[in-house]
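Residue numbers (the numbering used here), protein chains in the order written: chain A, 1 to 347; chain B, 1 to 324.
Each residue gets a CB set at the ideal place from its N, CA and C atoms; glycine is no exception.
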Amino acid sequence: MKIMSFAMAAGFAVASLTTPASAADITGAGATFPFPIYAKWAEAYNKETGNRLNYQSIGSSGGIRQIRAKTVDFGATDAPLKGEDLQKDGFVQFPAVMGGVVAVYNLQGVASGQLKLTGEVLADIFNGKIAKWNDAKIAQLNSGVKLPEAAITPVYRSDGSGTTSVFTTYLSQVSEGWKSGPGAGSSVQWPVGQGGKGNEGVAALVKQVPNSIGYVEYAYAKQNSIPFAQLQNKSGKFVSPDAKTFQAAAANADWKSAPGYGISLTNQPGDEAWPITAPTFILVPKSPEKPEQVAEALKFFDWSFKNGDKMAIELDYVPLPDPVKEQVRATWKSEIKNASGQPVFTQ
Amino acid sequence: MVALSQERLASRKNGSVRRSSQPGFDRVFRIASLGSALLVLLVLAGIIGAMIYGGWPAFREFGFGFITSSVWNVNEDQYGAWVAIVGTLSTAVIALAIGVPLSLGIAIFLTQFCPPWLKRPVATVIELLAAVPSIIYGMWGLFVFAPLFAKYVQVPVSSVVEGMPIVGTILYARTPSGVGVLTAGIILSFMIIPFIASIARDILDQIPSVLRESAYGIGCTTWEVVRNVLLPQAGVSIIGAIMLGLGRALGETMAVTFVIGNANRLSGSIFDPGSTIASRIANEFNEAIGLQLNALMALGCILFLVTFVVLVLARLLIARVRTA
Numbered sequence: 001m002k003i004m005s006f007a008m009a010a011g012f013a014v015a016s017l018t019t020p021a022s023a024a025d026i027t028g029a030g031a032t033f034p035f036p037i038y039a040k041w042a043e044a045y046n047k048e049t050g051n052r053l054n055y056q057s058i059g060s061s062g063g064i065r066q067i068r069a070k071t072v073d074f075g076a077t078d079a080p081l082k083g084e085d086l087q088k089d090g091f092v093q094f095p096a097v098m099g100g101v102v103a104v105y106n107l108q109g110v111a112s113g114q115l116k117l118t119g120e121v122l123a124d125i126f127n128g129k130i131a132k133w134n135d136a137k138i139a140q141l142n143s144g145v146k147l148p149e150a151a152i153t154p155v156y157r158s159d160g161s162g163t164t165s166v167f168t169t170y171l172s173q174v175s176e177g178w179k180s181g182p183g184a185g186s187s188v189q190w191p192v193g194q195g196g197k198g199n200e201g202v203a204a205l206v207k208q209v210p211n212s213i214g215y216v217e218y219a220y221a222k223q224n225s226i227p228f229a230q231l232q233n234k235s236g237k238f239v240s241p242d243a244k245t246f247q248a249a250a251a252n253a254d255w256k257s258a259p260g261y262g263i264s265l266t267n268q269p270g271d272e273a274w275p276i277t278a279p280t281f282i283l284v285p286k287s288p289e290k291p292e293q294v295a296e297a298l299k300f301f302d303w304s305f306k307n308g309d310k311m312a313i314e315l316d317y318v319p320l321p322d323p324v325k326e327q328v329r330a331t332w333k334s335e336i337k338n339a340s341g342q343p344v345f346t347q
Numbered sequence: 001m002v003a004l005s006q007e008r009l010a011s012r013k014n015g016s017v018r019r020s021s022q023p024g025f026d027r028v029f030r031i032a033s034l035g036s037a038l039l040v041l042l043v044l045a046g047i048i049g050a051m052i053y054g055g056w057p058a059f060r061e062f063g064f065g066f067i068t069s070s071v072w073n074v075n076e077d078q079y080g081a082w083v084a085i086v087g088t089l090s091t092a093v094i095a096l097a098i099g100v101p102l103s104l105g106i107a108i109f110l111t112q113f114c115p116p117w118l119k120r121p122v123a124t125v126i127e128l129l130a131a132v133p134s135i136i137y138g139m140w141g142l143f144v145f146a147p148l149f150a151k152y153v154q155v156p157v158s159s160v161v162e163g164m165p166i167v168g169t170i171l172y173a174r175t176p177s178g179v180g181v182l183t184a185g186i187i188l189s190f191m192i193i194p195f196i197a198s199i200a201r202d203i204l205d206q207i208p209s210v211l212r213e214s215a216y217g218i219g220c221t222t223w224e225v226v227r228n229v230l231l232p233q234a235g236v237s238i239i240g241a242i243m244l245g246l247g248r249a250l251g252e253t254m255a256v257t258f259v260i261g262n263a264n265r266l267s268g269s270i271f272d273p274g275s276t277i278a279s280r281i282a283n284e285f286n287e288a289i290g291l292q293l294n295a296l297m298a299l300g301c302i303l304f305l306v307t308f309v310v311l312v313l314a315r316l317l318i319a320r321v322r323t324a
């Protein structure tokens, strides 16, 4: 709740601040997951430059629809567009910030971080194949932890969301049964459990339903002190979610391996890597009709890349590694051109 | 009426100065009011048209199966509305079952038993209930009501009825989380009470007091007066009030989305999570693309249709009451 109310306050502040007439108004729309950090960046950017960002967190596919309809200067999406779609729509896609998804639970007497799970076991729980907490598969990972002989209530996001997309992408990577069953997507057919709307809905259900397990964004779990589980990563190590393990997941990533940096950071190699990490993306047109507006949007992200890392960490997001930021800037220069073929971003 | 037209006739005969400007103004006035009425019809037709147009690909793809199928799989682009239709109807029925007796009780208390000094505060509070935004009902339902409901209703009831035939299915909570179809119905009933209660109160107030007083005069008890005089007099209008509540219950979105549990599964138990048409649309519309968006539009069409059928049934019912 805290993060949301802060974000809303920030959003109002951004919208209501009066600035000189010459100040630029940047409009963007899309993903809800990065909204708090975009709002925070926008507030600081406004203080420094007088330029305003009006970001509507209407959901990723809403953002894609709006940028296709050219009603906004940039679109934001959690799930990256594929190379052919970027080509077809004439978009440039780049990552803005990263975050992690964690498994949260409500088990009496089991403190945060005490529960250890593997991806396979997590998939089986959400698939209904593991129905009790004292199942041998969970017990063998958690010797010394007293697990109740109680039915597990999985809790999922009922609204279509990037968080669900990241979580189910991970489950599909680690479990054949999940891949051929519910699969990956922003909303899937959950075989068992209950749905809550938004992070706050999932958190509320997990908090009040004994023996439940759900998934939320890391920032959300941390700020609301909901116990979260350790997960086994691709290298076989159990890790806890924090800024360090998210960064480790990004460290080994080959950002150039997918068009528009559209890589998945789930299930990355590395001893320290948190397995459910994900970047969130920005879409801008390659040959914008209003190049000066896109230039303003890029200036905003450039400023945020330079000055926004600390704010991101404060809100439990993970800033992009510096080399990736450099690559993104190079992409802006080489790919986004105005009508006369000049690069729109010139710094 | 008579006096008015006579006056008008008189003014025509006299040929007053004001008269000459009136026909023009009247025409403008008539056109303006006709325009207002037509505009609403146009908007309604536009909405229906847009919903049918948007939902058409889903109807074409799945045909009648869209209504009877309970699959809702975004990844495989398979959609069916059955679970949502059942959820919509069952939550509305539960809401009416709880809300109607309470509302009538409130209305009868306010008009028959209530001491005058208490009348105003109680009526105001009930009307204030109608002013509470639905998201507030949703949040209160999820954060306050659901935990209490789980602890004091679901758990004890489930342990009593477990293993019994029929009630052991309907009232058994596999996971007592507090949210589910019954919770949604209860929250909905709170939301429709102010509508039904305040209209029913107005109706009862309007019944000529001579009727009531004559009934008392021939020695009727209060119960007999209410049962045999007031309710038959107000019957048709009260059905209208109930239908208004039903309309709200069918279409309510935010509060239901918070407390229904949002599962696309059919269950025999009213403690289990489900979903309604409106909650499904609220949940998925943001991120819907392609056929999923069409399917949501088609769901909207069905909600329209369900509401329409309910209203038609209500009219028929009212007509029957009138002729009887």
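| From the beta carbon of B/Thr257, is the nearest beta carbon of chain A less than 7 Å away? | Within the second sequence, the letter at position 257 stands for residue 257 of chain B. Judged by the 7 Å Cβ criterion, B/Thr257 is in contact with chain A.
| Going along the chain, which residues of the region 136 to 155 of chain B sit with their C-beta nearer than 8 Å to a C-beta in chain A? | Leu142, Phe143, Ala146, Pro147 and Ala150
| Can B/Thr175 and B/Phe149 be called in contact, C-beta distance under 7 Å? | For the purposes of this step, residue 175 of chain B is taken as residue 175 along the second sequence, with counting starting at 1. For the purposes of this step, residue 149 of chain B is taken as residue 149 along the second sequence, with counting starting at 1. Not in contact: B/Thr175 and B/Phe149 (Cβ atoms no closer than 7 Å).
| Partner residues on chain A for B/Ser177, Cβ-Cβ distance less than 8 Å | Counting from 1 along the second sequence, the entry for residue 177 of chain B is found at position 177. Those within 8 Å of B/Ser177 in chain A are Thr153, Gln194, Leu205, Gln208, Val209 and Ser212.
| Looking at the C-beta of A/Asp25, does it have a partner C-beta in chain B at a distance below 7 Å? | In the first sequence, the residue the question calls residue 25 of chain A occupies position 25. So no, A/Asp25 is outside the interface.
| query | Residues bridged to A/Pro279 by DSSP? | reply | Numbered from its first residue, the first sequence carries residue 279 of chain A at position 279. Bridge partners of A/Pro279: A/Met98.
| request: Quick one: using the 10 Å Cβ neighbour count with 16 as the cut-off for buried, is B/Phe25 buried or exposed? | output: Indexing the second sequence from 1 puts residue 25 of chain B at position 25. It counts as exposed.
| request: Give, in chain order, every unbroken run of the alpha helix (DSSP H) that is at least 4 residues long and sits entirely within the region 172 to 254 of chain B. | output: 181 to 206, 209 to 217, 222 to 225 and 231 to 251
| task | Starting from the beta carbon of A/Ile58, find every residue of chain B whose beta carbon is closer than 8 Å, and list them in chain order. | result | In the first sequence, counting from the first residue as 1, residue 58 of chain A sits at position 58. Ordered by position in chain B, the residues that pass the 8 Å Cβ test against A/Ile58 are Asn286.
| request: With DSSP collapsed to three states, give me the class of A/Leu298. | output: The sequence position of residue 298 of chain A within the first sequence is 298, counting from 1. Helix at A/Leu298.
| task | Kindly list, in the order they appear in chain B, the residues whose Cβ is closer than 8 Å to that of A/Gly262. | result | Here residue 262 of chain A refers to the residue found at position 262 when the first sequence is read from its first residue. By Cβ distance, chain B contributes nothing, its closest Cβ being about 17 Å from A/Gly262, past 8 Å.
| query | Relative to chain A, which residues along the region 63 to 75 of chain B have a C-beta separation below 8 Å, given in chain order? | reply | Val71, Trp72, Asn73, Val74 and Asn75
| Can you find at least 3 beta carbon pairs, one from the region 90 to 99 of chain A and one from the region 256 to 272 of chain A, that sit closer than 8 Å? | yes
| Who pairs with A/Val239 in a beta bridge, going by DSSP? | By one-based count along the first sequence, residue 239 of chain A stands at place 239. A/Leu231.
| message | For the region 28 to 38 of chain A against the region 160 to 178 of chain A, do three or more pairs of beta-carbon atoms, one drawn from each stretch, fall closer than 8 Å, so that the two count as touching? | response | yes
| message | Is A/Gln189 close to chain B? Criterion is C-beta to C-beta, closer than 7 Å. | response | Mapped onto the first sequence, residue 189 of chain A falls at position 189. Yes, A/Gln189 counts as interfacial toward chain B.
| task | Compile a chain-ordered list of the residues in the region 238 to 272 of chain B whose CB is closer than 7 Å to at least one CB of chain A. | result | Thr257, Phe258, Gly261, Asn262, Ala263 and Asn264
| said: Can you tell me where the alpha helix (DSSP H) holding A/Gly196 begins and where it ends? | reply: On the first sequence, residue 196 of chain A is found 196 positions in, with the first residue counted as 1. It is not in any alpha helix (DSSP H) - A/Gly196 instead sits in the beta strand (DSSP E) that spans Gln194 to Gly196.
| task | Assess, as a yes-or-no matter, whether the region 178 to 196 of chain B is touched by the region 235 to 254 of chain B under the definition of 3 or more beta carbon pairs within less than 8 Å. | result | yes
| message | According to DSSP, is A/Ser16 part of a helix, a strand, or is it coil? | response | Residue numbering aside, residue 16 of chain A sits at position 16 when the first sequence is read from its first letter. With a pLDDT of 46 at A/Ser16, under the threshold of 50, the modelled position of this residue cannot be trusted; read the value that follows with caution. It is helical.
| request: Identify which residue in B/Leu303, B/Leu305, B/Gly290 and B/Ala314 has its Cα closest to the Cα of B/Glu61. | output: Against the second sequence, residue 61 of chain B aligns to sequence position 61. Out of B/Leu303, B/Leu305, B/Gly290 and B/Ala314, B/Gly290 has the C-alpha closest to the C-alpha of B/Glu61.
| said: Could you compute how far the alpha carbon of A/Glu54 sits from the alpha carbon of A/Asp25? | reply: Reading the first sequence from its first residue, position 54 is the one you call residue 54 of chain A. Reading the first sequence from its first residue, position 25 is the one you call residue 25 of chain A. Before going on, a small fix: residue 54 of chain A reads as Asn here, not Glu. Cα to Cα, the separation comes out at about 7 Å.
| Would a C-beta distance cut-off of 7 Å place A/Ile276 and A/Tyr156 closer than the cut-off? | On the first sequence, residue 276 of chain A is found 276 positions in, with the first residue counted as 1. On the first sequence, residue 156 of chain A is found 156 positions in, with the first residue counted as 1. No, the pair does not count as a contact, with Cβ atoms beyond the cut-off.
| said: Considering just the uninterrupted stretch of the beta strand (DSSP E) at A/Leu53, what are its terminal residues? | reply: As a first step, residue 53 of chain A is located in the first sequence; it is residue number 53 there, counting from the start. Unbroken beta strand (DSSP E) run through A/Leu53: Arg52 to Gln56.
| Based on the DSSP output, what are the partners of A/Lys116 in its beta bridges? | Counted from its first residue, the first sequence places residue 116 of chain A at position 116. Answer by DSSP bridge pairing, in chain order: A/Gln230.
| field | Supposed contact pair B/Ile108 and B/Val181 - C-beta distance, whole angstroms, cut 8 Å | value | One-based indexing of the second sequence puts residue 181 of chain B at position 181. One-based indexing of the second sequence puts residue 108 of chain B at position 108. The pair is not a contact, with the Cβ atoms about 29 Å apart (cut-off 8 Å).
| query | At a Cβ cut of 7 Å, what residues of the region 73 to 93 of chain B count as close to chain A, listed as they run along the chain? | reply | Asn73, Val74 and Asn75
| Close-in-space but distant-in-sequence residues of the same chain around A/Ala249 (CB under 6 Å, 5 per side omitted) | The sequence position of residue 249 of chain A within the first sequence is 249, counting from 1. Taken in chain order, the residues that qualify are Leu265, Gln268, Ala273, Trp274 and Thr277.
| query | With which residues is B/Tyr79 paired in a DSSP beta bridge? | reply | Position 79 of the second sequence, counting from 1, holds the residue named residue 79 of chain B. According to DSSP, B/Tyr79 bridges with B/Trp72.
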